[in-house]
Amino acid sequence: MIEKEYEMIVKIYEEYSSSYNMLHQQVEDVENETIIWSNSYLEIHPYQYELDQLPKPKIYKKEPKSKEGIIVNKLKNNELYFSYNAENKGWGSSFIINEAEKKICLRFLSNRAGEMVLSQVHCIIYEGSVIEKILFYKRDDDRNKETFMVDRYSYNDNLTAHTIIRDGFFEEKIRILSTRTFRFEYVDGGVRIYSKQLKKNLKVVEDLLYTSRKAKK
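Going by the working numbering, the first residue of the sequence shown is number 230, and it counts up by one from there.
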């Protein structure tokens, strides 16, 4: 199962690995865009930051005076299509491509030679109106490392997320990640997310990962 998804995301990586100039030209030609400034990249799927235990982006009402730590996000018809580091696009430029039944996010970085190279790929695959699975791939050719993860979704009868099962490897194929299961619990109009994983002591432990404000009441 995981090998099939790995081959899929690597194929996407190879297809777009040398596409920075073409993609950048395409976004430069977009007119009447909306710009949002934030202190990190906007999420490209629900609970992206909560699942990775990262703080959600801070949104600024107007352009900050300092570019330090600022991400510029460009939207067309309320759809995010381009984000970049305000100080230096070489520190991170992301292109979002919407295709039939999937969304692809490509993040480019400047390598040691000053070339813009593809560093990360997210691929969100939809089944109808809901997410079927999310593939993540990161490659660092300077260090000869690659990381891969796949999140597989299951749903309740009302199409709210029930569980997400995450598998993959970290930096090397032999460094297999312990399967992680995210479980969603809906309380008083809010949500709690639990994470279950095999720990280093060989015990499977479920921890409370996230609680929305409504669920805290």
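Think of the CB as a built atom: it goes at the ideal place given N, C-alpha and C, for glycine as much as any other residue.
Since the structure is predicted, the reported quantities are computational estimates derived from the model, not experimental observations.
Local conformation of residue i per DSSP, three classes
{"i": "Lys250", "result": "Rather than Lys, the amino acid found at residue 250 in this sequence is Asn. Helix."}
{"i": "Lys305", "result": "strand"}
{"i": "Ile273", "result": "coil"}
{"i": "Gln349", "result": "strand"}
{"i": "Gln255", "result": "helix"}
{"i": "Gly298", "result": "coil"}
{"i": "Glu330", "result": "coil"}
{"i": "Gly418", "result": "coil"}
{"i": "Gln443", "result": "The identity of residue 443 in the sequence shown is Lys, whereas the question assumes Gln. The answer is helix: DSSP assigns Lys443 an H, G or I state."}
{"i": "Asn314", "result": "strand"}
CA-to-CA distance, residue j to residue i, given in whole angstroms
{"i": "Asn385", "j": "Tyr278", "result": "22 Å"}
{"i": "Leu427", "j": "Glu435", "result": "9 Å"}
{"i": "Asn261", "j": "Arg412", "result": "40 Å"}
{"i": "Asn401", "j": "Ser383", "result": "A quick correction: the sequence has Glu, not Asn, at residue 401. Between Glu401 and Ser383, the C-alpha separation is close to 28 Å."}
{"i": "Ile238", "j": "Phe365", "result": "7 Å"}
{"i": "Asp281", "j": "Ser323", "result": "19 Å"}
{"i": "Tyr439", "j": "Glu243", "result": "35 Å"}
{"i": "Gly319", "j": "Val433", "result": "41 Å"}
{"i": "Gly321", "j": "Val420", "result": "32 Å"}
{"i": "Pro284", "j": "Ser441", "result": "13 Å"}
{"i": "Leu309", "j": "His253", "result": "14 Å"}
{"i": "Glu344", "j": "Ile405", "result": "31 Å"}
{"i": "Gly397", "j": "Ile325", "result": "23 Å"}
{"i": "Val416", "j": "Pro286", "result": "25 Å"}
{"i": "Ile335", "j": "Ser348", "result": "Per the sequence shown, residue 335 should be read as Leu rather than Ile. If you take the alpha carbons of Leu335 and Ser348, they lie about 8 Å apart."}
{"i": "Ser339", "j": "Arg395", "result": "29 Å"}
Exposure label - residue i; buried when at least 16 CB within 10 Å
{"i": "Leu437", "result": "exposed"}
{"i": "His351", "result": "buried"}
{"i": "Tyr313", "result": "buried"}
{"i": "Met378", "result": "buried"}
{"i": "Asp370", "result": "exposed"}
{"i": "Arg341", "result": "exposed"}
{"i": "Glu234", "result": "buried"}
{"i": "Asp258", "result": "exposed"}
Enclosing beta strand (DSSP E) for residue i [first to last residue]
{"i": "Glu375", "result": "374-384"}
{"i": "Val433", "result": "433-440"}
{"i": "Thr408", "result": "Neither: Thr408 is in no beta strand (DSSP E) and is coded neither H nor E."}
{"i": "Ala390", "result": "390-398"}
{"i": "Arg341", "result": "Neither: Arg341 is in no beta strand (DSSP E) and is coded neither H nor E."}
{"i": "Leu364", "result": "359-369"}
{"i": "Leu283", "result": "Per DSSP, Leu283 belongs to no beta strand (DSSP E) and is neither H nor E."}
{"i": "Trp320", "result": "Neither: Trp320 is in no beta strand (DSSP E) and is coded neither H nor E."}
{"i": "Ile264", "result": "263-267"}
N-terminal and C-terminal residue of the alpha helix (DSSP H) that residue i is part of
{"i": "Ile241", "result": "231-245"}
Below-7 Å beta-carbon distance, residue i vs any chain D residue
{"i": "Ile265", "result": "No chain D is part of this structure, which consists of one protein chain only."}
Cβ-heavy atom distance, residue i to the ligand MG, below 6 Å
{"i": "Leu338", "result": "Of the ligands one can find in the structure shown there are none, so the ligand MG has no counterpart to examine."}
Could you say if the segment 300-316 and the segment 253-271 meet the contact criterion of at least three C-beta pairs nearer than 8 Å? Three or more beta-carbon pairs drawn from the segment 300-316 and the segment 253-271 are found closer than 8 Å, and the two stretches are therefore classed as touching.
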